[in-house]
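Enquirer: Numbers in our numbering are just positions in the sequence shown, counted from 1, shifted up by 8.
By construction, the Cβ of each residue, glycine as well, lies at the ideal position given by its N, Cα and C atoms.
Since the structure is predicted, the reported quantities are computational estimates derived from the model, not experimental observations.
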Amino acid sequence: MYNSGYSHTKMGLAAKNLHKSKERSCGYYMRIVLFFSSLIQSLIIVSLVLFLVYGEPQQTVEEKRIQELEQSYSRLSLENVALRAKEKNLTLQLNLTLTIKKLCENNITNIRRQADYAILTVNSMRKNWVSCVLCQLSILCNAKRSNGVPCSSMTRTLSMGLLSLSQDLFQANFTEQMHVAKLELENTQKDRIRYRLEAIELRREKALLEERLDIYEKKCKEDFIKSLQGIPDVTKEFLKRVDDLFSKHISFQLTCEKQSLQLENIRANCSSLSSEVENKLQLYLDKVGSQITQTVGENAKCLTENKRLNEDTSWCIRNRSEIIEGNKKILKQTQQNNDKEVEHLLLDIRKLNANTNLLENSLSVKNIEIKMLNDKYYSWVNKLYVMNKPGMNPEFTHVSGMLS
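Written out as structure tokens, the structure is:
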């Protein structure tokens, strides 16, 4: 009875084992699905890691371009700093040049003041000379009147000559001042025209530089966006391959709802992962693109500033050299004119002194002659008086009466 029961039990186990070998449970399929899902996830992760590590050739080119732009930006920043330091030095030199220019202008003003004072001195000396000549003429006229010679015509002639001489001097001075004023007006008009032309040229250069900067920014932005247009294509291709993988390897029908739900979750996770990667990568690339655009804009700004600073530097150097040369020429010309005027004035003074000495000598000679004539006159009068006494010759009496 025990044996029969034992053998019956053994047959039941054998039957049970046979039933298990023919029909597989749900756990077996779950293990297969989990294995394939883990394999797919590992493949997806490996492909994403490889994609992020190696990437596409366009991404590598863009990274190299970004590095080159950063290097050029750093180099331009250093050049900008150097140019700013150079601009400071040029500003100091310009201030020093302006100070020297002010000193030269002050010297020119002092020289002009001295020249005006010299002109006034010469005019006063000429007036004194004219008054001396008139005094001498009056003395000569008085002497000639005492001798019985008329001198009104000679005095009038000399006074007219002096008046014409003074009028010629005033006319020459007025003509010279008008000529100087015309030259200054012409120079002012030339400077104004030159400044207007320079302002027009600077405005034209500014418009060209702004247009060039806008074109450069647009071109860089378009190139960067064009180089990043392949990212959505890569994600679409990735999703297509995931769908193809599911459609090829899992073509049989699943009876368990949990397995189908898990497969749908895996597909949804893959899709969400790809979309999340795409969104994050797109945000990162947008951020990088904005930074690159900003860097390119700053680079272009630095280039334009460098060009402007170089132009300003060259203009300042050229203007400084022109101002220095012009001031040197003006100072030299003013000194030469002043030396000529002083030389003429000194020669005129020497000539006037010589004429004054000559007139004084002639006046002293005339005074001596007048004294001699007076002595002769008084001696003749005495002789006639002696001859005119009573008892003298009647002829002498008649002559003395005629003389008296």
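Distance check for Q302 and E333, CA to CA, integer angstroms please.
Expert: Taking the first residue of the sequence shown as position 1, residue 333 is located at position 325. Taking the first residue of the sequence shown as position 1, residue 302 is located at position 294. Between the alpha carbons of E333 and Q302 lies a distance of about 45 Å.
Enquirer: Just to confirm before moving on: does the CB-CB distance between L317 and A126 stay below 8 Å?
Expert: Taking the first residue of the sequence shown as position 1, residue 317 is located at position 309. Taking the first residue of the sequence shown as position 1, residue 126 is located at position 118. No, they are not a contact pair.
Enquirer: Helix, strand or coil, according to DSSP, for S33 in the structure here?
Expert: For the purposes of this step, residue 33 is taken as residue 25 along the sequence shown, with counting starting at 1. S33: coil per DSSP, three-state reduction.
Enquirer: Using the Cβ count rule (16 or more neighbours within 10 Å means buried), how would you classify I376?
Expert: Counted from its first residue, the sequence shown places residue 376 at position 368. That one is exposed.
Enquirer: Distance check for N382 and V407, CA to CA, integer angstroms please.
Expert: Here residue 407 is taken as the residue at index 399 of the sequence shown, counted from 1. Here residue 382 is taken as the residue at index 374 of the sequence shown, counted from 1. Confidence at V407 is low in this model, with a pLDDT of 43, below 50, so its placement is unreliable and the value that follows should be read with caution. Each residue's alpha carbon lies about 20 Å from the other.
Enquirer: Going by the beta-carbon positions, is the gap between C324 and L106 smaller than 8 Å?
Expert: As a first step, residue 324 must be located in the sequence shown, where it is residue number 316. As a first step, residue 106 must be located in the sequence shown, where it is residue number 98. With respect to L106, C324 sits apart: the two C-beta atoms are not nearer than 8 Å.
Enquirer: Just to confirm before moving on: does the CB-CB distance between N118 and L339 stay below 8 Å?
Expert: Counting from one through the sequence shown, the residue named residue 118 turns up at place 110. Counting from one through the sequence shown, the residue named residue 339 turns up at place 331. Contact flag unset, no.
Enquirer: When the distance is taken between beta carbons, is E87 closer than 8 Å to N314?
Expert: Residue 314 sits at position 306 when you count from the first residue of the sequence shown. Residue 87 sits at position 79 when you count from the first residue of the sequence shown. Cβ atoms of N314 and E87: closer than 8 Å.
Enquirer: Out of E349, V394, I48 and S55, which has the shortest C-alpha to C-alpha gap to L128?
Expert: Numbered from 1 along the sequence shown, position 120 holds the residue referred to as residue 128. Looking at the Cα atoms, E349 is the closest of the given residues.
Enquirer: So, is V41 buried or exposed, given that buried needs 16 or more other C-beta atoms within 10 angstroms?
Expert: Here residue 41 corresponds to residue number 33 of the sequence shown, with the count starting at 1. With 16 or more Cβ atoms within 10 Å of its Cβ, V41 is classed as buried.
Enquirer: What's the gap between the Cα of Y393 and the Cα of I378?
Expert: Within the sequence shown, the letter at position 385 stands for residue 393. Within the sequence shown, the letter at position 370 stands for residue 378. Their Cα atoms are separated by approximately 22 Å.
Enquirer: In angstroms with no decimal places, state the Cα-to-Cα distance between K295 and E206.
Expert: As a working mapping, residue 295 is identified with position 287 in the sequence shown. As a working mapping, residue 206 is identified with position 198 in the sequence shown. Going by the C-alpha atoms only, they are around 42 Å apart.
Enquirer: Got a sec? Which residues, its chain only, sit under 6 Å from Y81 by beta carbon, not counting five neighbours each side?
Expert: Residue 81 sits at position 73 when you count from the first residue of the sequence shown. Once the five neighbours on either side are set aside, the close Cβ partners of Y81 are T303 and N307.
Enquirer: Grab me the residues of H257's own chain with a C-beta within less than 6 Å of its C-beta, minus the 5 sequence neighbours each way, in chain order.
Expert: Working through the sequence shown from its first residue, we reach residue 257 at position 249. Unreliable placement is indicated for H257, whose pLDDT of 47 sits below 50; no coordinate value is reported for it.
Enquirer: Check the C-beta distance from T321 over to L217 and give it rounded, since I have them as a contact under 8 Å.
Expert: On the sequence shown, residue 321 is found 313 positions in, with the first residue counted as 1. On the sequence shown, residue 217 is found 209 positions in, with the first residue counted as 1. Wrong, their Cβ atoms sit about 17 Å apart, outside the cutoff.
Enquirer: Expressed to the nearest angstrom, what Euclidean distance is found between the alpha-carbon atoms of E319 and L210?
Expert: On the sequence shown, residue 319 is found 311 positions in, with the first residue counted as 1. On the sequence shown, residue 210 is found 202 positions in, with the first residue counted as 1. Each residue's Cα considered, the two are about 10 Å apart.
Enquirer: Can you give the Cα-Cα distance for L104 and T183, rounded to whole angstroms?
Expert: Taking the sequence shown and counting its residues from 1, one reaches residue 104 at position 96. Taking the sequence shown and counting its residues from 1, one reaches residue 183 at position 175. Cα to Cα, the separation comes out at about 38 Å.
Enquirer: Could you check the C-alpha separation between Q341 and N335 for me, to the nearest Å?
Expert: Counted from its first residue, the sequence shown places residue 341 at position 333. Counted from its first residue, the sequence shown places residue 335 at position 327. The straight-line gap from Cα to Cα measures roughly 10 Å.
Enquirer: Output the distance between the C-alpha atoms of K30 and V57, rounded to the nearest integer angstrom.
Expert: Residue numbering aside, residue 30 sits at position 22 when the sequence shown is read from its first letter. Residue numbering aside, residue 57 sits at position 49 when the sequence shown is read from its first letter. Because the pLDDT of K30 is 48, which lies under 50, any placement of that residue in the model is unreliable, and the number read from its coordinates should be weighed accordingly. Between the alpha carbons of K30 and V57 lies a distance of about 43 Å.
Enquirer: Under 8 Å by Cβ, that's how I've got I331 and K109 pegged, so tell me the actual separation to the nearest angstrom.
Expert: Position 323 of the sequence shown, counting from 1, holds the residue named residue 331. Position 101 of the sequence shown, counting from 1, holds the residue named residue 109. Yes, they are in contact, since the Cβ atoms of I331 and K109 sit about 6 Å apart, within 8 Å.
Enquirer: Taking only the alpha-carbon atoms, compute the straight-line gap between L47 and K248 and give it to the nearest angstrom.
Expert: Taking the sequence shown and counting its residues from 1, one reaches residue 47 at position 39. Taking the sequence shown and counting its residues from 1, one reaches residue 248 at position 240. Cα to Cα, L47 sits roughly 18 Å from K248.
Enquirer: Could you check the C-alpha separation between M168 and L367 for me, to the nearest Å?
Expert: Taking the first residue of the sequence shown as position 1, residue 168 is located at position 160. Taking the first residue of the sequence shown as position 1, residue 367 is located at position 359. C-alpha separation (whole angstroms): 20 Å.
Enquirer: If contacts are defined as beta-carbon pairs under 8 Å, then L371 and I147 qualify, I think. What distance do you get, rounded to the angstrom?
Expert: Here residue 371 refers to the residue found at position 363 of the sequence shown. Here residue 147 refers to the residue found at position 139 of the sequence shown. Confirmed, about 7 Å.
Enquirer: In terms of alpha-carbon separation, which member of V188, E213, N195 and K135 lies closest to Q175?
Expert: Reading the sequence shown from its first residue, position 167 is the one you call residue 175. Measuring from the Cα of Q175, the nearest candidate turns out to be K135.
Enquirer: What number of angstroms, rounded off, separates the C-alpha of R358 from the C-alpha of L102?
Expert: Within the sequence shown, numbered from 1, the residue matching residue 358 stands at position 350. Within the sequence shown, numbered from 1, the residue matching residue 102 stands at position 94. Distance between the alpha carbons of R358 and L102: 47 Å.
Enquirer: Below 8 Å on the Cβ atoms is my contact criterion, and I expect L188 with D356 to pass it. Report the Cβ-Cβ distance as a whole number of Å.
Expert: Position 180 of the sequence shown, counted from the start, is the residue given in the question as residue 188. Position 348 of the sequence shown, counted from the start, is the residue given in the question as residue 356. Reading off the sequence, residue 188 comes out as Val, not Leu. At roughly 22 Å, the Cβ-Cβ gap does not stay under 8 Å, so V188 and D356 are not in contact.
Enquirer: Exposed or buried, what is I53 when buried is set at 16 or more other beta-carbons lying within 10 Å of its beta-carbon?
Expert: For the purposes of this step, residue 53 is taken as residue 45 along the sequence shown, with counting starting at 1. I53 should be labelled exposed.
Enquirer: Is the beta carbon of T107 within less than 7 Å of some heavy atom of the ligand FMN?
Expert: This structure lacks the ligand FMN, and indeed carries no ligand of any kind.
Enquirer: What's the C-alpha gap between N390 and M380?
Expert: Against the sequence shown, residue 390 aligns to sequence position 382. Against the sequence shown, residue 380 aligns to sequence position 372. One C-alpha to the other measures close to 15 Å.
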